[in-house]
Amino acid sequence: MNTTQVCTPELLHAPETEASTTTRVRTLEIPRTLNTEILEWQFSEPSTRVNQTTNFTMGESMLQTGHVVKDKWQVVSKIGQGAFGEVYKCKEFTSNRQVALKLVSKERVTSATEHQQCHLLKLEVTVLKELQGKHYFPKFVGFGKTERFDYLVMELLGPSLRELKKHQPDRKFSLSTTLRLGHMMLKCIHSIHKAGYLHRDIKPSNFTIGIGEDNRRRVYLLDFGLARQYVLESGEVRPPRYKVSFHGTPRYASLRVLQGKEAGRQDDLMSLFYALSEFSFRDLPWKNIRDYREMAQAKEVFDHQILVKEFPDEFQDFYNHISGLTFFDKPDYDLLYSVFDRCIKQRGVKETDPFDFEENGGQPTESHLRKDNTSSVPTKRRRYRRAATSLASIS
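Residue numbering for the sequence shown follows the UniProt record's numbering, beginning at 1 and increasing consecutively.
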């Protein structure tokens with residue numbers, strides 16, 4: 001596996017069904033016929049089409065191999081390209097290490113979109129700097145601008161969890177891998193919350209593994225362009241705004257956020273629950289729904305116990321806790337950690353067990369069995385398929 005193929009998943013974004021947006025339109029004002037494909041988050045995977053309002057082709061590159069940026073970083077290869085920017089793997093002259101350079105082009109945007117994209121990049125820099133010294137986040141290297149683009153340089157990391165899952169034989173993770181990844185993903189979210197920020201776009205493509213022997217089993221959280229500080233200088237939670245534009249990726253967004261309410265800590269955690277469910281089921285039942293209002297309707301009527309019951313019985317405590325939180329409530333992170341710990345311990349999973357995507361070629365070991373009683377899995381799959389079919393009628 002090429003462990004340097006992905007650095008910043010927000011640039012290597014999922015295709016049509018996984019689109020983030022910062023559209024300044026109230027969720028409930030979006031027409032029913034609006035297709036979120038044309039509201040893709042600003043960057044896409046190299047193999048997917050980008051925002052259709054752009055007038056350049058995916059083959060074009062801002063920088064060529066060997067190009068030197070600010071006499072510090074030399075381009076090795078392009079990792080990804082999207083509507084407004086690109087990501088490159090570069091070599092840093094002073095340290096000879098490889099880094100990731102993310103740029104936002106000034107040549108491919110209008111003045112309005114340029115202002116928005118540059119603002120998001122500056123916000124990402126601000127948040128990333130505040131997270132330095134903490135585990136679970138890439139190291140900040142540099143930030144600057146040229147006549148053609150603004151850029152952010154950061155630690156080069158490995159592939160996203162979305163990419164790793166996609167390359168599994170059945171496109172899903174075993175219970176052992178899901179639980180251990182979930183525990184680390186929760187640590188990432190807890191850490192950014194302790195720093196006073198909400199992420200607001202929690203999804204598998206914004207988590208990566210590291211590079212090298214020491215970091216390849218560690219999960220990192222990326223993409224802070226949609227982050228928002230949720231605490232005041234006094235340490236109190238900021239009051240929710242009355243009118244809120246939608247931010248995030250509809251597939252993983254909570255019902256509250258889809259309904260136009262202010263995002264809180266519980267919404268990041270609900271997005272984590274959806275991400276883990278996708279690890280287990282391969283796809284979420286509403287994956288084919290595009291319209292925002294239909295997405296909200298689907299999540300409102302869907303029996304979430306179908307997802308909960310795919311996990312060990314202890315996981316009911318996880319869902320009950322996050323679904324019962326209000327905007328101002330502080331999540332009981334210790335309780336949430338304990339759910340993962342109990343599930344892992346009671347099923348004999350060891351931290352040293354290989355993940356599905358490691359050198360065993362993706363074949364689960366004996367400890368990766370999904371359930372103590374696997375005979376119930378086909379029944380659960382049938383319930384899931386029936387639920388997904390009923391949701392399809394919404395769209």
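Don't be surprised by glycine CBs; every beta carbon is placed ideally from N, CA and C.
Treat the numbers as computed from the prediction; the structure is a model and nothing was measured.
Are Tyr136 and Ser191 close, meaning C-beta to C-beta below 8 Å? yes
I'd like the ranges of any alpha helix (DSSP H) spanning at least 4 consecutive residues and lying wholly in the region 168–224. 175–194
If you run the structure through DSSP and keep just helix, strand and coil, what is Lys145?
strand
- Those residues which DSSP pairs with Phe140 across a bridge: Met154
Practice problem: Return the residue from the list Ala100, Arg282 and Phe143 that minimises the CA-CA distance to Lys122. | Solution: Phe143
- Task: Look up Ile289 in the DSSP assignment and say whether it is helix, strand or coil.
- Result: coil
query = What number of angstroms, rounded off, separates the C-alpha of His183 from the C-alpha of Ile344?
reply = 10 Å
Can you tell me whether Gly348 is buried or exposed, with buried defined as 16 or more other CB within 10 angstroms of its CB?
-> exposed
key: beta strand (DSSP E) segment containing Ser105, residue limits   = Gln98 to Ser105
Q. Between Phe224, Thr94 and Val104, which lies nearest to Glu130 when the distance is taken from Cα to Cα?
A. Phe224
Cβ pair Tyr230, Leu157 closer than 8 Å: no
* Give the straight-line distance between the Cα atoms of Gly260 and Gln64, rounded to the nearest whole angstrom. => 42 Å
Beta-carbon spacing of Val75, Tyr88 below 8 Å:
yes
**Where Leu335 falls, given that 16 or more other Cβ within 10 Å makes a residue buried** = exposed
Please report the residue range of the beta strand (DSSP E) in which Lys89 lies. Gly85 to Glu92
With a threshold of 7 Å on Cβ separation, who are the neighbours of Val125 within its own chain once the five nearest residues in sequence on each side are excluded? Phe143 and Leu152
### Message
According to DSSP, is Val257 part of a helix, a strand, or is it coil?
### Response
helix
query = Whose C-beta lies closer than 6 Å to the C-beta of Lys299 among residues of the same chain, with five residues either side of it excluded?
reply = Leu255
Quiz item: With DSSP run on the structure shown, which of helix, strand or coil describes Ser271?
Solution: helix
(request) Could you name the residues of the same chain whose beta carbon sits closer than 6 Å to that of Ala263, not counting the 5 residues immediately before and after it, in chain order? (result) Leu198, Arg200 and Val257
- Message: Along the chain, where does the alpha helix (DSSP H) containing Val339 start, and where does it finish?
- Response: Tyr333 to Gln346
* On the premise that Asp356 lies in contact with Ser174, defined as a C-beta separation below 8 Å, what is that separation, rounded to the nearest angstrom? -> 6 Å
Worksheet item: Which residues in the same chain as Glu155 place their Cβ atom closer than 6 Å to its Cβ, once the five residues preceding and following it in sequence are excluded?
Response: Pro138 and Lys139
Val69 (DSSP reduced to helix, strand or coil):
strand
For this session: Check whether the Cβ atoms of Arg171 and Arg282 sit closer than 8 Å, and answer yes or no.
Result: yes
Beta-carbon spacing of Ser280, Phe311 below 8 Å:
yes
Between which residues of its own chain and Phe315 is the CB-CB distance below 7 Å, once the five residues before and five after are set aside?
Val308, Val339 and Cys343
Can you check which of these residues, Cys188, Ile306, Asn215 and Ser77, is closest to Pro285 by C-alpha distance? Ile306
Determine the direct distance from the alpha carbon of Ser95 to that of Lys203, and round the result to whole angstroms.
32 Å
### Query
On the three-state DSSP scale, how would you describe Arg238?
coil
Decide if Ser277 is buried, meaning its Cβ has at least 16 other Cβ atoms within 10 Å, or exposed. buried
Let me know if Leu232 comes out buried or exposed under the rule of 16 or more other beta-carbons within 10 Å of its beta-carbon. exposed
Determine the closest residue to Tyr319 out of Leu128, Met295 and Met270, with distance taken between C-alpha atoms.
Met270
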